[in-house]
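Taking it in order: structure first as structure tokens, then the write-up.
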Amino acid sequence: MAFITMWQRGDLKCVFVVATGTPQPYRLCLIEGDTVLRTKSVKSPDDAVRVSNMWQAQEPENLRAAHPAGRTTVGSFFAPIVKRSRLFRAAY
Numbered sequence: 178m179a180f181i182t183m184w185q186r187g188d189l190k191c192v193f194v195v196a197t198g199t200p201q202p203y204r205l206c207l208i209e210g211d212t213v214l215r216t217k218s219v220k221s222p223d224d225a226v227r228v229s230n231m232w233q234a235q236e237p238e239n240l241r242a243a244h245p246a247g248r249t250t251v252g253s254f255f256a257p258i259v260k261r262s263r264l265f266r267a268a269y
């Protein structure tokens with residue numbers, strides 16, 4: 178499992194997550210502090226760069242206002258992904 182920061186503006190950061198052994202191994206997350214604001218499953222690292230650039234071009238206020246109902250904490254969001262990745266590694 179790997180976490181790669183694509184860009185950061187103050188507390189707002191875009192993180193590319195690679196989680197082998199999961200149904201969606203590539204995921205892009207927009208995080209502010211301890212809150213996941215947006216997530217997007219992407220097909221490839223190139224797709225992650227494209228989406229990341231689109232997010233980066235937007236104003237921070239627009240990114241924060243996007244999906245207030247679906248927000249979760251970083252720990253709650255990543256716990257199942259980490260668990261599936263560990264199970265995959267243990268089986269391998």
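Here my numbering is used: the first residue of the sequence shown is 178, the next is one more, and so on.
Just so it is clear, CB atoms sit at the ideal spot from N, CA and C, and this is done for glycine as well.
Per DSSP, what kind of secondary structure is residue i in: helix, strand or coil?
i, result
"E236", "coil"
Would you mind stating whether residue i and residue j have Cβ atoms separated by less than 9 Å?
i, j, result
"T212", "V251", "yes"
"D204", "V219", "The identity of residue 204 in the sequence shown is Arg, whereas the question assumes Asp. Going by C-beta atoms, R204 is nearer than 9 Å to V219."
"A282", "M178", "The requested residue 282 is not part of the displayed model; the chain covers only 178 to 269."
"T199", "C206", "no"
Taking the straight line between their C-alpha atoms, what separation do you get for residue i and residue j?
i, j, result
"Q233", "F254", "22 Å"
"E209", "K190", "6 Å"
"F180", "P202", "12 Å"
"S221", "V195", "10 Å"
Could you spell out the range, first to last residue, of the beta strand (DSSP E) harbouring residue i?
i, result
"T212", "T212 to S218"
"A196", "Looking at the DSSP string, A196 is not in any beta strand (DSSP E), and its letter there is neither H nor E."
Strictly by DSSP, which residues pair up with residue i?
i, result
"Q201", "Looking at the DSSP assignment, Q201 forms no beta bridge with any residue, so it has no partner."
"A179", "V195"
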